[in-house]
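J.: The structure follows.
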Amino acid sequence: MKVFVGIDLGSTTTKAVLLDENGQIMGRGITNSRSNYEVACAVARDEAMTSARFNYLARALQELKGSGAEAARVFESRLLQAFRLALYLDELAALRARMIELVETAGERATASLRGAISDILDEMEQNAPSLFLENEGRRSDFFRDLAGAAFLTAAERISSARGLRFEALAWPFDRAILDIESELRALDFQAVLSRAAQRIGPEASSDNSLPRALEQIGNQSLEEASFVGTGYGRQTLPFPKAAVRSEILCHGRGAHRLFPGTRTVLDIGGQDTKAIQVDERGVVTSFQMNDRCAAGCGRYLGYIADELSLGLHELGPLALKSCSPARINSTCTVFAGAELRERLALGEKREDILAGLHRAIILRAMSLLARSGGVSEEFTFTGGVCKNPMACRVLGELVCENYGDQLTINIHPDSIYMGALGAALFALDDWRAGDPHLLRISQQRSSGVSEREPSACAECA
Amino acid sequence: MTLNTSVQKSQATVAPVPKDDSQKRQKRMIADHFDRLARAKEDGRKVVYTFVPGNLTELISAFEMLPVLPEINALQSGMRGKSGGYISEAERAGHSEDVCSYVKCDLGMLKSGNIGPTGKVLPKPDLLLLSYTGCFTFMKWFEILQQEYRCPVVMLHVPYQAEGRITDEMRDYVVQQLISEVIPAMEQVSGRKLDAATLEEKMRLSARAENALVRVWESARHRPSPIDGYFGGVYYIGPIFSAFRGTTDAVLYYEELAAEVEDRIARGEGPTTPDGPLGPERYRLVVEGPPNWTSFNEFWRMFSRERAVIVASTYTRVGGLYDLGFRHSPADPIRSLADYCLGCYTNRSLPSRVDLLEKYIRDYAADGFLINSVKSCNSFSAGQLLILRELEKRTGVPGGFIESDLVDPRYFGRANVENRLQSYLQMLDSRRSSRAAP
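Residue numbers (my numbering), protein chains in the order written: chain A, 1 to 462; chain B, 463 to 900.
Have a look at this one:
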């Protein structure tokens, strides 16, 4: 089966979308953008391929009839979680090997107690992993860095305290190893991982003969990348052919228009760019404005505020929604806003009121860009990572209505974060249809497990 | 960072682009001018500092005085990588970050020894000729220079063309100032009386050079355009907007340049860029606003790599809108100088600027137009979004918007500018494709 790949390499996350020949979405994947953009793209694409295979499986199982059908569908939903667990465990194994390798070349710092503590922490992380995937649906992130980081931190704090070790002695091998692991491209044997996942969640649900056949089919399903387009903040640094690169402005406009064909204005708030885009009835961009030099008012601003408050990014919006008396925040500079936040907290103002004010401050900046791009008319679609923040969505809705009337349609799709990648995939399909396809070529060799490295020249720098 | 380095390395290995005869001539002319300035005191020649818009070069040289243009010094400092340090120097002296970066660059250069672009010290002014043509900052700039140099200032107040035309009263007002204030001040400083015949001859030479320059500008109507009317254009305007209007040198330069350009048309060639010939023309653009000087070649390459050629620009008309028909006239030099000052681009209203840009978009068959909005210059930047909207409405041609600065390197964000430009050019492609689609 031919697939058409769009990748949106953002400053925070890298997203991939796969389309089929009819332009239907087959799969999507997301990962954190890391220091190695090439790996980030490959991981996002692998995620999208995995997602496509599971969607294919889900469709196949939907067609099953008879007594085993319901059990098969339950099995399918658990299978995806088990699949993610299997991948997580593979990453943990690679992390363990790299940490031990680092510690063993660290000279005097490589004490037996340190090695023992690391081994115990990793054991504990492995033991706790199933509950993270198979029982806890509400985990904050699917990114290995976030999950492993949180689990390591919790275990390391306890073990370092109990054994009289310095926390930093445990933290540095993790910090180094996680960077290495994230920059390494590992081969994904989908069928093998799927088999392990199926075994883990038990054979009883797969007693129906149709299920093993379906599993085998999705593993063997050929997904042939026929064309690729890349976009996003990091697009210039990628080894893509120039013709396979599209501006994220065009891609967000096209993606938003694809999902909401009545769209004429698009606002995309990403990690460090905010873009106000006008499109015509065919989704072609007619004008745009974006932030210049300063990234205040973008997603990173919210990240900074979350750090200041020791909150998760996903917690900001819900907390701000509780506000009954939003503060008036005048600072749109991220640094000044941080200072204002601390000052107001010191004066006893409620966190939710301050946060509500900060959300309004960033959306006001976006409103300025919208005005400069030509305002809002007819249907308006909000895209980008900040769409996940309910307070940002609420304030934006209020301000758009306040400024442009309440007869507008405002669209916020649950998959808004994928809009740029969707637009890129649509361009990839166009290129293929025009006989000018391009492929994503990853130059980095995929490793099957732990890579071989030269030991660090200086243990102190490790 | 890695990308930049590799680009620089690859460029370093490319053979230098051969220079045209006109380029070599211009280089000699500019070097000679700075030599004359360096020797001005020992040669007994007086020096007048003045501005590009509304400059009275023929009048200055009719008194055997030499002009210095601080804006040009600033932009050259920007191109030579000196402006960042000069701006810091001015900020240490108390000038705000928000002050025009030309002003701060000039003041920083002054504080750092007033070394000109050829490495020679610039002489102090004997007269500050403040031609006010729409830029309020000019007044404050020379106010500061007056305190620094303790020399006389003469101001020529040029009324703003609010209604888009020059009235008899406006012209008479400027003529009166020239006769009763500017010329007497020059006579006093130079110790000479104005020689009418000398001025007439200079005006005649100016008109000849202006005729040739218009041939150069209008060559861009051809496909492919033989010139880049913005990045290449700022080199073309160098002599006529600085010290050479009214000289034989200028006539020789512009007639040689026009002939070279016409040869390129005959050969079907496009413009030459810092990296050689442009290649097949892909986009024809009109640009409003000054260029960024601190990353000038980098900025140019962002266009030339995409084979985008600028067919017309308003910035290259700041020293005279000769393609609208104005010529310096030997028949009535003083009235002609008054009309020149009144007709400056910076002295024109927003509707006039929109009319001019619309004319360029249509006459030069542009695919699009871009505005480079500079942080430093309120005169240029105020109202540019309104200009953009109005032009899109009138012509149906899409506009793009880029932000940078004149000579403050802190305000040129390479990634941001390139991102916007590429997005804009891809937008033009999309619109072309969608128009072509059945």
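Don't be surprised by glycine CBs; every beta carbon is placed ideally from N, CA and C.
All of these numbers come straight from a predicted model, not from anything done at the bench.
According to DSSP, is residue 275 (chain A) helix, strand or coil?
T.: Within the first sequence, residue 275 (chain A) is the residue found at index 275, counting from 1. In the structure shown, residue 275 (chain A) sits in a strand (DSSP, three-state: E or B).
J.: If we call anything under 8 Å between Cβ atoms a contact, is residue 755 (chain B) one with residue 527 (chain B)?
T.: On the second sequence, residue 755 (chain B) is found 293 positions in, with the first residue counted as 1. On the second sequence, residue 527 (chain B) is found 65 positions in, with the first residue counted as 1. No.
J.: When the cut-off is 8 Å and only beta carbons count, does residue 268 (chain A) lie next to chain B?
T.: What you label residue 268 (chain A) is simply residue 268 of the first sequence in a count that begins at 1. No, no contact with chain B.
J.: Enumerate, from N- to C-terminal direction, the unbroken beta strand (DSSP E) stretches of 3 or more residues contained entirely within the region 642 to 688 of chain B.
T.: Segments of the beta strand (DSSP E) lying fully in the region 642 to 688 of chain B: there are none.
J.: How many whole angstroms separate the CB atoms of residue 611 (chain B) and residue 586 (chain B), which I take to be in contact at a CB cut-off of 8 Å?
T.: Here residue 611 (chain B) refers to the residue found at position 149 when the second sequence is read from its first residue. Here residue 586 (chain B) refers to the residue found at position 124 when the second sequence is read from its first residue. Residue 611 (chain B) to residue 586 (chain B), Cβ: 5 Å. Contact.
J.: Quick one: is residue 275 (chain A) buried, meaning 16 or more other Cβ sit within 10 Å of its Cβ, or exposed?
T.: Taking the first residue of the first sequence as 1, we reach residue 275 (chain A) at position 275. So residue 275 (chain A) ends up on the buried side.
J.: Compare the C-beta of residue 376 (chain A) with all C-beta atoms of chain B and state if any pair is closer than 8 Å.
T.: Looking up residue 376 (chain A) in the first sequence gives position 376. Taking Cβ atoms only, chain B never reaches closer than 8 Å to residue 376 (chain A), which makes this a no.
J.: How would you call residue 314 (chain A), buried or exposed, if buried means at least 16 neighbouring beta carbons within 10 angstroms?
T.: Within the first sequence, numbered from 1, the residue matching residue 314 (chain A) stands at position 314. By the neighbour-count rule (16 or more Cβ atoms within 10 Å), residue 314 (chain A) is not buried but exposed.
J.: Can you tell me the Cβ-Cβ gap for residue 781 (chain B) and residue 514 (chain B), rounded? I've got them flagged as a contact below 8 Å.
T.: Working through the second sequence from its first residue, we reach residue 781 (chain B) at position 319. Working through the second sequence from its first residue, we reach residue 514 (chain B) at position 52. Their Cβ separation, rounded to whole angstroms, is 5 Å, which keeps residue 781 (chain B) and residue 514 (chain B) in contact under 8 Å.
J.: In whole angstroms, give me the CA-to-CA distance for residue 248 (chain A) and residue 219 (chain A).
T.: Here residue 248 (chain A) refers to the residue found at position 248 when the first sequence is read from its first residue. Here residue 219 (chain A) refers to the residue found at position 219 when the first sequence is read from its first residue. If you take the alpha carbons of residue 248 (chain A) and residue 219 (chain A), they lie about 33 Å apart.
J.: Do three or more CB pairs link the region 863 to 873 of chain B to the region 616 to 629 of chain B at distances below 8 Å?
T.: Touching, no.
J.: Counting C-beta neighbours from all protein chains within 10 Å, is the total for residue 641 (chain B) 16 or more, i.e. buried, or is it exposed?
T.: For this step, residue 641 (chain B) is matched to residue 179 along the second sequence. Counting Cβ neighbours within 10 Å, residue 641 (chain B) comes out exposed, since fewer than 16 surround it.
J.: Are the region 434 to 443 of chain A and the region 215 to 229 of chain A touching by the rule of at least three beta carbon pairs closer than 8 Å?
T.: Touching, per the Cβ criterion.
J.: May I ask you to list the residues that DSSP assigns as paired with residue 14 (chain A)?
T.: Against the first sequence, residue 14 (chain A) aligns to sequence position 14. For residue 14 (chain A), which the question treats as bridged, DSSP gives the partners A:9, A:31.
J.: So, do the region 776 to 790 of chain B and the region 711 to 724 of chain B have three or more beta carbon pairs nearer to each other than 8 Å?
T.: At 8 Å Cβ cutoff, the stretches do not touch.
J.: Assign residue 588 (chain B) to one of two classes, buried (16 or more other C-beta atoms within 10 Å of its C-beta) or exposed (fewer than that).
T.: Working through the second sequence from its first residue, we reach residue 588 (chain B) at position 126. Buried is the call here.
J.: Relative to the C-alpha of residue 288 (chain A), which residue among A:273, A:300, A:325 is closest?
T.: As a position in the first sequence, residue 288 (chain A) is number 288, starting the count at 1. For residue 288 (chain A), the nearest C-alpha among the options comes from A:273.
J.: Determine which residues of the region 16 to 43 of chain A have a Cβ less than 7 Å from any Cβ of chain B, and write them out in chain order.
T.: From the region 16 to 43 of chain A, no residue has a Cβ closer than 7 Å to chain B.
J.: Which residue's Cα is closest to the Cα of residue 568 (chain B): B:556, B:551, B:560?
T.: Here residue 568 (chain B) is taken as the residue at index 106 of the second sequence, counted from 1. Of the candidates B:556, B:551, B:560, the one whose C-alpha sits nearest the C-alpha of residue 568 (chain B) is B:551.
J.: If you draw a straight line from the C-alpha of residue 423 (chain A) to the C-alpha of residue 668 (chain B), how long is it?
T.: In the first sequence, residue 423 (chain A) corresponds to position 423, counting from 1. In the second sequence, residue 668 (chain B) corresponds to position 206, counting from 1. Using only the alpha carbons, I get a separation of about 55 Å.
J.: Evaluate residue 687 (chain B) with the Cβ neighbour count: other Cβ atoms within 10 Å of its Cβ, from every protein chain shown; 16 or more gives buried, anything less gives exposed.
T.: On the second sequence, residue 687 (chain B) is found 225 positions in, with the first residue counted as 1. Burial call: buried.
J.: Does the CB of residue 286 (chain A) have a neighbour CB from chain B at under 8 Å?
T.: Counting from one through the first sequence, the residue named residue 286 (chain A) turns up at place 286. Closer than 8 Å: yes.
J.: Looking at the structure shown, is residue 571 (chain B) part of a helix, part of a strand, or coil, going by DSSP?
T.: Here residue 571 (chain B) corresponds to residue number 109 of the second sequence, with the count starting at 1. Residue 571 (chain B): helix per DSSP, three-state reduction.
J.: Check whether the Cβ of residue 534 (chain A) lies closer than 8 Å to any Cβ atom in chain B.
T.: Because chain A here runs from 1 to 462, residue 534 (chain A) falls outside it and cannot be looked at.
J.: Is residue 538 (chain B) close to chain A, meaning its C-beta is less than 8 Å from at least one C-beta of that chain?
T.: Stepping through the second sequence from its first residue, residue 538 (chain B) is reached at position 76. So, not an interface residue.
J.: Please report the Cβ distance between residue 700 (chain B) and residue 595 (chain B), rounded to the nearest whole angstrom; I am assuming they are in contact, meaning their Cβ atoms lie under 8 Å.
T.: Taking the second sequence and counting its residues from 1, the one referred to as residue 700 (chain B) is at position 238. Taking the second sequence and counting its residues from 1, the one referred to as residue 595 (chain B) is at position 133. At roughly 20 Å, the Cβ-Cβ gap does not stay under 8 Å, so residue 700 (chain B) and residue 595 (chain B) are not in contact.
J.: With a cut-off of 8 Å, does the C-beta of residue 249 (chain A) fall near any C-beta of chain B?
T.: The sequence position of residue 249 (chain A) within the first sequence is 249, counting from 1. Yes, residue 249 (chain A) counts as interfacial toward chain B.
J.: Just the C-alpha distance for residue 739 (chain B) and residue 432 (chain A), rounded to the nearest angstrom, thanks.
T.: Position 277 of the second sequence, counting from 1, holds the residue named residue 739 (chain B). Position 432 of the first sequence, counting from 1, holds the residue named residue 432 (chain A). Distance between the alpha carbons of residue 739 (chain B) and residue 432 (chain A): 32 Å.
J.: Can you list, in chain order, the residues of its chain whose CB lies under 6 Å from that of residue 16 (chain A), leaving out five sequence neighbours each side?
T.: Taking the first sequence and counting its residues from 1, the one referred to as residue 16 (chain A) is at position 16. Here the set comprises 7, 29, 44, 45, 48, 421.
J.: Here's a check: name, in chain order, each residue in its chain whose Cβ is nearer than 8 Å to the Cβ of residue 853 (chain B), leaving out the five neighbours to either side.
T.: Counting from one through the second sequence, the residue named residue 853 (chain B) turns up at place 391. Excluding positions up to five away in sequence, the list reads 816, 819, 820, 823, 831, 859, 861.
J.: Just to make sure I have the definition right: I need the residues of chain B whose C-beta is within less than 7 Å of the C-beta of residue 246 (chain A). Which are they?
T.: The residue labelled residue 246 (chain A) in the question sits at position 246 within the first sequence. Under the 7 Å cutoff, chain B gives 888.
J.: Which stretch, first to last residue, makes up the beta strand (DSSP E) that contains residue 866 (chain B)?
T.: Reading the second sequence from its first residue, position 404 is the one you call residue 866 (chain B). Run containing residue 866 (chain B): 861 to 866, per the beta strand (DSSP E) assignment.
J.: I'd like to know whether the C-beta atoms of residue 5 (chain A) and residue 306 (chain A) end up nearer to each other than 8 Å.
T.: The sequence position of residue 5 (chain A) within the first sequence is 5, counting from 1. The sequence position of residue 306 (chain A) within the first sequence is 306, counting from 1. Against a cut-off of 8 Å, the Cβ pair of residue 306 (chain A) and residue 5 (chain A) comes out as no contact.
J.: Just confirm the distance between the C-beta atoms of residue 483 (chain B) and residue 718 (chain B), as a whole number of angstroms; I'd bet it's less than 8 Å.
T.: Looking up residue 483 (chain B) in the second sequence gives position 21. Looking up residue 718 (chain B) in the second sequence gives position 256. About 6 Å separates the two Cβ atoms, so the contact holds.
J.: Please give me, in chain order, every unbroken run of the alpha helix (DSSP H) with length at least 4 that falls completely inside the region 774 to 838 of chain B.
T.: Qualifying alpha helix (DSSP H) stretches, in chain order: 795 to 804, 812 to 825.
J.: Do residue 54 (chain A) and residue 80 (chain A) count as a contact pair if the criterion is CB distance below 8 Å?
T.: By 1-based counting over the first sequence, the position of residue 80 (chain A) is 80. By 1-based counting over the first sequence, the position of residue 54 (chain A) is 54. The answer is yes: Cβ separation under 8 Å.
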